[in-house]
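Worksheet for the structure shown next.
Given below as structure tokens:
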């Protein structure tokens, strides 16, 4: 065999090859060091065109800022992009002017200036360039083209002329369409963003194959059969547009021939105040920083400015200069607010000038030269300034993450508990924690100054949150003894003037240390006697006691058998079923799962989770990049092959659609592309790229990438993979493994958190998996060992597990298999469905509600002479007890509704929503439209803007006595005396709190109010009857 020589086959392979698209003007490229994609502008030549002589061909000499700009460069500390690109893999069968070679979609570049890698995303044209089938045709191409001259070329491919006269085959379709490189984009009427549509056709398409376009706005077709891509002028009205590209008919193949463009008009949507950890806050204090999270959809490209202000004694006082805000592509921004020492002093001085105790609220002001809907409504969402020094909460937890509270205040001897303290506005000094033996009233008299059993202190920090650990070992702690935890603040006199103390306890002065001591909250706990679990089988006495507790049912405490489990797991061996049964029987009494109902529900869940063969699962992360970015199809029939050059994975065009299981990957598609599976010839062949399952787990399960609700306690590197889902119910995350580890160590002597090999025991060892699942089942707060008893609805158990796996299958397994296998119908624990509920015929407690109102109001005669019991204030804390120190009119009535038990809890409504409620539920809140209606005790008056409660009606003088939270003046409202006479006040008297007053029934304050009409309403029924 000859070597070193080219055969004719080799020469043909060099000049023909597979189809690839030539890059033209307006192609889209990306640089891994740049901040944004770049749009190609061909500057190297102005003579050679493609795509129907409409677009210039890009060459390897298009390599600097004139041709491509990727925004800012990460290598240059986000300085401006100034590329110097060296292109590789160019199309060297064509030489333009003897020295420039065209770029194709397979070409890539390296930036010599910053080291960035440049990839071509779209070609900028619509036609697939197909090389000639032979060298002879390639050599003759240029002579037949009116665009080229002989000196411009070496070899140029051309398709057979006869093919241009052929009819377009039915198989030729639009394989893909993008707008600005994406399937979905959002634009605004102000950004003037150019729309660049790119399409690719299936193999076999000829040069010049026509693509047609349809445009729909919602469900309405606004353009049909366009021969050119739609212009920007089609997209002017608000809403979502669908643009279809096709050769023969729209939408073929399904889903690939359509892009969506959303036009969003600028508007203010919402503002939320949060702290540095993303938790909602209602106030800003002395030291903390808060953030205004503002949503302004449709404002992309619009200049918006912001500044903070408050209404001081001299009027509007600005806290910051007018500053432009950097909006994201979806119109969201986070604006920080912190107060300097000078600003704090000014706010506190202004507050002292308000005699009525007015609170200071800080507002965010937004402005723009463009019209933005509801922009001024930001002033309706202020944040309260609060400098009161206070102990907010003191709670004892069982775990170091402070998630599981100490139930009933009873701790195990020798265990470790954690005391979490939350404070506000403490700037200097120390926080001290003391533990005292709790004395009764007589004992306290005998020992007025007891010594603490334990004492420790921490310096004051910036967060105001402190965590103390207490190991309840003997000594100093004794079993069967109660203890009191007391926290105090030790500080010098310097801060006494910096904030207001909001505590009932007094200050104590230590002369020796010259410090003040502010005693704070207290909490009690007791230590129970430790009763070790017997290692041997339970005695007969224990069995008898258990049967008595289960109502005498002999099957509850009876051990399960391998024969019973054969019906649940029919594909397992007897040896495996014996191991399963032994593991459950050994620990069911410890976890209080020794009932027929617990057995039936537990194994119904297990059957669906591990299958008929009891295959204990370990969570898989073998997801395709397409699936993680949004959606992917499975079990389809029509497969689109992957592309090894562009590294795009193959996919089904039909089948069952599966959405992404990971929200973080949806918002970070670059990571999905980097770590996700990419198939080539068939589903899951991993022909282009295998899934990097370990990296996927570490990314999606990292607490930093999870919402507050989905956090798993994964705070260390590698936790996501180490603590992935395993076992009978897929226990996941460091927090759940740590809780479970307490039981596996105690009952089995096996640690499952030290290493990955230890954690794997949950997915491989039957007894470890069983104990882990039983611990998860009976965890405090979940308590499925209690909820299972008498429960026929398996969905309730499934929801308690927290898994979204096959609710229907689990219900079927319970009804048809496990409930019969463990004979729940014969169990002495009665089904909840059969229990008879007795409903007490409750009535409204009007008198109790009025008694409460009388306790919080002052008579109008005392206004200006005594302090308000409840000052007037409009705030967002309208339901919680902590918000009852101030009220507005609708908040007072909403709390009154709960006091009379018309509602189960206070109604956080406004006067507008009250009116709407009465309109929608006239049987529960009765409106009296008759002008002659005589109000009854406990009724309310209501108009859009104000409301109050009727306390008394004087029929002789037609006078109504009310209690209401009001902000007005006497001369405006015109309250009357016992004889119905109003006397004008000079000077006028301000009303700013909960006040008891009298009014003429038909006067302006009540039925005579205009233009907004006032009516009386009656609360009708107890909340249990609704």
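Residue numbers (UniProt numbering): 1 to 1026.
Each residue gets a CB set at the ideal place from its N, CA and C atoms; glycine is no exception.
- Take the alpha-carbon of residue 913 and the one of residue 367: they are about 30 Å apart.
- When DSSP states are grouped into helix, strand and coil, residue 305 belongs to the strand group.
- Under DSSP, the beta-bridge partners assigned to residue 454 are 435.
- Around the CB of residue 583, 16 or more other CB atoms lie within 10 Å, so the residue is classed as buried.
- For residue 460, the CB contacts under 7 Å within the same chain, skipping 5 residues up- and downstream, are 426, 427, 428, 429, 430 and 431 in chain order.
- Closest in alpha carbon position to residue 415, among 784, 519 and 527, is 527.
- For residue 258, the enclosing beta strand (DSSP E) begins and ends at 258 to 263.
- Apart from sequence neighbours up to five positions away, the residues of its chain that approach residue 434 with a beta-carbon distance below 6 Å are 452, 455 and 486, ordered along the chain.
- DSSP, reduced to helix, strand and coil, places residue 933 outside both helices and strands of the structure shown, so it counts as coil.
- Under the three-pair Cβ rule at 8 Å, the segment 732 to 743 counts as touching the segment 764 to 776.
- In the DSSP assignment, residue 674 falls within the alpha helix (DSSP H) that extends over 669 to 675.
- Just so you know, the alpha carbons of residue 239 and residue 620 end up roughly 39 Å apart.
- Contact between the segment 913 to 932 and the segment 417 to 425 is absent, with fewer than three C-beta pairs closer than 8 Å.
- Between residue 625 and residue 649, the gap from beta carbon to beta carbon is short of 8 Å.
- The bridge partners DSSP lists for residue 887 are 872.
- With three or more CB-CB distances shorter than 8 Å, the segment 287 to 305 counts as touching the segment 368 to 375.
- One thing to note: residue 1025 has its Cβ no nearer than 8 Å to the Cβ of residue 1004.
- Look at residue 720 here: in three-state DSSP terms it is helix.
- Per DSSP, residue 175 is one residue of the beta strand (DSSP E) stretching across 174 to 179.
- Only exposed fits residue 98, as fewer than 16 other CB atoms lie within 10 angstroms of its CB.
- If you ignore the 5 residues before and after residue 954, its C-beta comes within less than 6 Å of no other C-beta in its own chain.
- Between residue 813 and residue 592, the gap from beta carbon to beta carbon reaches 8 Å or more.
- Of the residues 395, 657 and 473, the one whose Cα lies closest to the Cα of residue 637 is 657.
- DSSP, read as helix, strand or coil, puts residue 658 in strand.
- Using a Cβ distance threshold of 8 Å, residue 970 and residue 962 do not count as a contacting pair.
- In this structure residue 199 touches residue 176 by the C-beta definition: roughly 7 Å separates them, less than 8 Å.
- With contacts defined by Cβ atoms closer than 8 Å, residue 347 and residue 391 do not form a contacting pair.
- By the neighbour-count definition (other C-beta atoms within 10 Å, threshold 16), residue 602 is a buried residue.
- Residue 761 carries a helical assignment under DSSP once its states are collapsed to helix, strand and coil.
- With 16 or more other Cβ atoms from the protein chains shown falling within 10 Å of its own Cβ, residue 736 counts as buried.
- Between residue 59 and residue 96, the C-beta spacing is below 8 Å.
- Under the three-state reduction of DSSP output, residue 169 falls in the coil class, being neither helix nor strand.
- In this structure residue 407 does not touch residue 778 by the C-beta definition: roughly 13 Å separates them, more than the 8 Å allowed.
- When the beta-carbon positions are compared, residue 729 and residue 801 come within less than 8 Å of each other.
- Taking the Cα positions, residue 22 is about 27 Å away from residue 652.
- Per DSSP, the continuous beta strand (DSSP E) segment holding residue 109 begins and ends at 108 to 111.
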